[in-house]
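Everything below concerns the one structure shown next.
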Amino acid sequence: MPPRTRTLTAAAIAAVLALGTSLLASAPVAGAAQPEPLAVTDHCANQCADILPPGENGNATLVEILGNKAFGTHPAHSDDQLDRYNGLVAGHTGLTDQKLTDFFNDASFGVAANQVESVTSPRADVTITRDKKSGVPHIKGTTRYGTEFGAGFAAGQDRLWLMDLFRHIGRGELTSFAGGALANQGLEQQFWPQAPYTEADLEAQVERIRTTEGALGEQAMADAQAYVDGINAYRVKSKNGRYFPGEYVLTGKIDSITNVGEIQPFKLTDLISIASVVGGQFGGGGGGEVQAALSLLAAQQKYGVEEGTRVWESFRQRNDPEAVLTVHDGTSFPYAGKPDNARGTALPDPGSVTPEPLIHDRTGSAGSNRKAPVDAPAALKPAQGVFDDGVIPEGSLPGSGDGAQKRGMSNALLVSGEHTASGNPIAVMGPQTGYFAPQLMMLQELQGPGISARGVSFAGVGMYIQMGRGQDYAWSATSAAQDITDTYAVELCEPDGSTPTKNSAHYRFRGACTAMEKLERSNSWKPTVADSTAKGSYRMQVWRTDYGIVTHRATVGGKPVAYTSLRTTYRHEADSIIGFQLLNDPAYVTDAASFQRAASHIDYAFNWFYADSRTAAYYNSGMNPVRASGVDAALPVKAEQAYEWRGYDPAANTTDYTPFAEHPQSSGQDYYISWNNRQAKDYSTAAFGFGAVHRGDLLDDRVSALVEAGGVTRASLTRAMAEAALTDLRGEQLLPELLKVLRSQPVTDPALNTAVQQLDSWRAAGAQRKETSPGSHTYTHADAVRIMDAWWPKLVEAEFRPGLGDGLYSALTASLATDESPAASHGPSGAHSGSAFQYGWWGFADKDLRQVLGQTVKGPLAKTYCGGGDLGACRTALLATLKDAVAVPATAVYPADDSCKAGEQWCTDSIVHRPLGGISHKSIHWQNRPTYQQVVEFPSHR
1 MPPRTRTLTA
11 AAIAAVLALG
21 TSLLASAPVA
31 GAAQPEPLAV
41 TDHCANQCAD
51 ILPPGENGNA
61 TLVEILGNKA
71 FGTHPAHSDD
81 QLDRYNGLVA
91 GHTGLTDQKL
101 TDFFNDASFG
111 VAANQVESVT
121 SPRADVTITR
131 DKKSGVPHIK
141 GTTRYGTEFG
151 AGFAAGQDRL
161 WLMDLFRHIG
171 RGELTSFAGG
181 ALANQGLEQQ
191 FWPQAPYTEA
201 DLEAQVERIR
211 TTEGALGEQA
221 MADAQAYVDG
231 INAYRVKSKN
241 GRYFPGEYVL
251 TGKIDSITNV
261 GEIQPFKLTD
271 LISIASVVGG
281 QFGGGGGGEV
291 QAALSLLAAQ
301 QKYGVEEGTR
311 VWESFRQRND
321 PEAVLTVHDG
331 TSFPYAGKPD
341 NARGTALPDP
351 GSVTPEPLIH
361 DRTGSAGSNR
371 KAPVDAPAAL
381 KPAQGVFDDG
391 VIPEGSLPGS
401 GDGAQKRGMS
411 NALLVSGEHT
421 ASGNPIAVMG
431 PQTGYFAPQL
441 MMLQELQGPG
451 ISARGVSFAG
461 VGMYIQMGRG
471 QDYAWSATSA
481 AQDITDTYAV
491 ELCEPDGSTP
501 TKNSAHYRFR
511 GACTAMEKLE
521 RSNSWKPTVA
531 DSTAKGSYRM
541 QVWRTDYGIV
551 THRATVGGKP
561 VAYTSLRTTY
571 RHEADSIIGF
581 QLLNDPAYVT
591 DAASFQRAAS
601 HIDYAFNWFY
611 ADSRTAAYYN
621 SGMNPVRASG
631 VDAALPVKAE
641 QAYEWRGYDP
651 AANTTDYTPF
661 AEHPQSSGQD
671 YYISWNNRQA
681 KDYSTAAFGF
691 GAVHRGDLLD
701 DRVSALVEAG
711 GVTRASLTRA
721 MAEAALTDLR
731 GEQLLPELLK
741 VLRSQPVTDP
751 ALNTAVQQLD
761 SWRAAGAQRK
771 ETSPGSHTYT
781 HADAVRIMDA
791 WWPKLVEAEF
801 RPGLGDGLYS
811 ALTASLATDE
821 SPAASHGPSG
831 AHSGSAFQYG
841 WWGFADKDLR
851 QVLGQTVKGP
861 LAKTYCGGGD
871 LGACRTALLA
881 TLKDAVAVPA
891 TAVYPADDSC
901 KAGEQWCTDS
911 IVHRPLGGIS
921 HKSIHWQNRP
931 TYQQVVEFPS
941 HR
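Counting from 1, one number per residue, gives the positions in the sequence shown under our numbering.
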């Protein structure tokens, strides 16, 4: 299809012409062949809506990139969903069902005749129709192959550069592909050790799906091949037509004048590689047992083994009775709980743990950010250095950065029909996948034999809709993060029988001294127009065992061991394709029960939600291993056969899995919420931070109130989501208790009393981080927000560090950061990322403050920390930290960064769509909200 671009000014055209008129070549005219689309019935009746900012079009030619850098122009449909998404901040208060499409797309099937922008037919058996408003591809095929080929072709049109990036991230080859920027080095070092594979490993995963999943597996791989064929068809056409993404020129892959160079062909194993990145970002769970062991040892060192363990468990909160739950009717789903008498736990000897080295043989700029800019042609100067900070800035990709192990995204709000105005269930739901330009996902509609759906798919694995709607049902997911990853302590040995050391490369597997397998990836780079990082190289190395990848070395009882990480989805990165295939098949998904069965074929840890005209439902997916009796999943375990997963076979990393009925699930509950909170009673968490206060409470409190009042509409449920998206969790959930402590005696200091009043006024007004009016870029309660942002880290430390001591406090904060406010750029989500308040010490502070106040606390902390349990001393500590916080200027609370000047509060919070290519966008108001979101209500059913 033709490049979708705004008209550039004469100056921009002249600049590009300096490179040669060949750059202005247009794409071929859309094909004329238009096979008749298959007939489908849309039961949504204009009551389905969706949104995915900034826009559908994620490809930009060199002309378009230069225009964006020089003049701020944007390719057509690259930013036309941004203002609607942002508009909900101000628009939600007066929202009605009729106004929803002011802020969302109409997600009906098909395109009205007067709304058709273009029709492309890359083959005679498929058409790609794009609508005028958003440019979403509506792919209709008369054959299965044609449908999937069209999906791949459309993915090439909208995300070719992004898909290329992600296959190289998954393969640990990002720096060699896109440049050696320090962030690129960090990103491949973060992801490749989680899923290190040889090419033979990737091929084996493709073959396993094809040969072990029966007809469904054969069809899935046939669909995947057709999808790859479609990508490659567009790859060739765009290269020959000279309308390929301009990033290939800027990174030195293709010469802008001669067109010499190549975009490497895509293959099926690339899909496995991309799936490993996507699954690692959003569908993992567990791990981190070594750090958990270190914090447990710190507690035992301070209090003794018995009391220290009790203290540690009170912070670990595996099954906290006050935690918000998705299945809230009391149904129990026991999993990964604390055993009465743990067996096989392998705690390290104090001071013996060392991380496994990853990087070797550094040369040049490796490990640094040293630049050596090339002498770029004058016309390319506007785009020089676009990737100097990395193609994906440090920490902005969920699953990367210092808090990588803590990522979990997305939310869902569903209300059953008995509580809605229409009598039909309503859902407002979507994945919270960060903010990028282009987005990691793309919108599309697929209609063909055995496929009928509209929604989003992650670019590069878009054979099927992964979250969206079918003919009479819709579904979505949130990250579940239950424990599907365990840590084993493998005993080290030497093949000649000599004494092993921590550096030994052999280990005992079922009695035999076995060689570890060395996996390596060597990368090198040199400066380009896009990335000025100086020439450099390094080698990444990991050791693979039958118990997983080595992450640390230590001693246990004086004997050297390697700690390994083993997740059930390793070597099964794309097996979930079967579940997505079924979710797209209208003949398979006919009701809530069949939806749950389809979702059970998805191996990654997700919470799946469903709504049709009759039922709202839920299912938790994941390859949950059946552990040996007595094994404590929260801590490292000895690598002995008695403590292995039941039925474990290391050859293909298979084991026994918990059956369908043991996964949390529900159908017809009055309402469901999920914001990556705990799933159900006795379904133990895999990490710290699931206690009495969780961001899920922001949804649960609002939706439960709507349900109690009755007559819920799409607009009212969307308003509840939007209100929660602007609310500071600390202000709503913690300030009432903090104020009770502070006001337990009169606050006599005038300055402190003013601060207390400001905080209370903010709390009474809803504790929102919201501007006074659209575009003002000033919060209504700016001083109170600033005070809270400065106060929170100070008060947490003053509340807990004196009682815990430096060692235990540091160990616990290493397992759970104290803050994840929008302004806390040090938090797990990074700066400008939208997602906030998932992980922090709010649950600990809530219980502790209530204990100080003498209130009833279920599942209390083992000790009371604030003021040593004395209300007066606690008040004194809080007032002292509040005084310190009030004195901190805005310039210190909100330091300058690449997007904001020091002291710019609104800007510090704001969402920035991080460029993954050459196009950048304006910042928008902070919202703690799904990136892609649906609002659906089906009035009828097949």
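Think of the CB as a built atom: it goes at the ideal place given N, C-alpha and C, for glycine as much as any other residue.
Between residue 668 and residue 332 a beta carbon distance of about 18 Å is seen, past the 8 Å cut, so the two are scored as non-contacting. A contact is defined here as three or more CB-CB pairs under 8 Å, and the stretch 809 to 818 fails this definition with respect to the stretch 702 to 717.
When rounded, the separation of the alpha-carbon atoms in residue 548 and residue 350 is 24 Å. Per DSSP, reduced to three states, the secondary structure at residue 336 is coil, with no helix or strand assignment. In terms of Cβ geometry, residue 636 and residue 545 do not form a close pair [threshold 7 Å]. Per DSSP, the unbroken alpha helix (DSSP H) holding residue 813 starts and ends at 782 to 815. DSSP places residue 157 within a helical segment (H, G or I) once states are collapsed to three. Contact between the stretch 40 to 55 and the stretch 932 to 940 is established, with three or more Cβ pairs separated by less than 8 Å.
When C-alpha distances from residue 921 are compared across 113, 59 and 73, the shortest belongs to 73. Residue pairing by DSSP puts residue 649 in a beta bridge opposite 654. Between the C-alpha atoms of residue 904 and residue 217 there is a straight-line separation of about 53 Å. Residue 847 is positioned such that its CB atom lies no closer than 7 Å to that of residue 687. Cβ neighbours of residue 928 within its own chain (closer than 6 Å, five residues either side excluded): 725 and 836. The beta carbon of residue 736 sits closer than 8 Å to those of 763, all from its chain and outside the five residues before and after it, given in chain order. Residue 138 sits in a strand when the DSSP states are folded into three classes. Counting along the chain, residue 855 sits inside no alpha helix (DSSP H), nor does DSSP assign it H or E at all.
Residue 885 is not a Cβ neighbour of residue 895, given a cutoff of 7 Å. Per the C-alpha coordinates, the member of 887, 842, 633 and 915 positioned closest to residue 334 is 633.
Secondary structure at residue 740: helix, using DSSP grouped into helix, strand and coil. In the three-state scheme derived from DSSP, where H, G and I count as helix and E and B as strand, residue 638 is classed as strand. The alpha-carbon separation between residue 585 and residue 173 amounts to approximately 36 Å.
Beta-bridge pairing by DSSP links residue 539 to 360 and 522. Of the residues 136, 689, 212 and 865, the one whose Cα lies closest to the Cα of residue 577 is 212. Pairing residue 882 with residue 849, the inter-Cα distance amounts to about 16 Å. Taken atom to atom, the span from the alpha-carbon of residue 341 to that of residue 555 is near 23 Å. Sequence-distant partners of residue 361 (beyond 5 residues in either direction) whose C-beta falls short of 7 Å from its own C-beta, in its chain, are 538 and 539.
No Cβ-Cβ contact shorter than 7 Å links residue 270 with residue 159. Rounded to whole angstroms, residue 325 and residue 480 show a C-alpha spacing of 12 Å. Rounded to the nearest whole angstrom, the CA to CA distance from residue 760 to residue 739 is 8 Å.
The Cβ atoms of residue 421 and residue 713 lie closer than 7 Å to each other. Between residue 248 and residue 391, the alpha-carbon positions lie close to 13 Å from each other. The C-beta distance from residue 385 to residue 532 rounds to 5 Å, short enough to meet the 8 Å contact threshold.
The alpha-carbon of residue 191 is positioned some 43 Å away from that of residue 94. In this structure, 483 is the residue among 717, 536, 571 and 483 with its C-alpha nearest to the C-alpha of residue 625.
Around the Cβ of residue 426, a 10 Å sphere holds 16 or more other Cβ atoms; the residue is buried. A distance below 8 Å between beta-carbons, with the five flanking residues on each side excluded, links residue 876 to the following residues of its chain, in chain order: 867.
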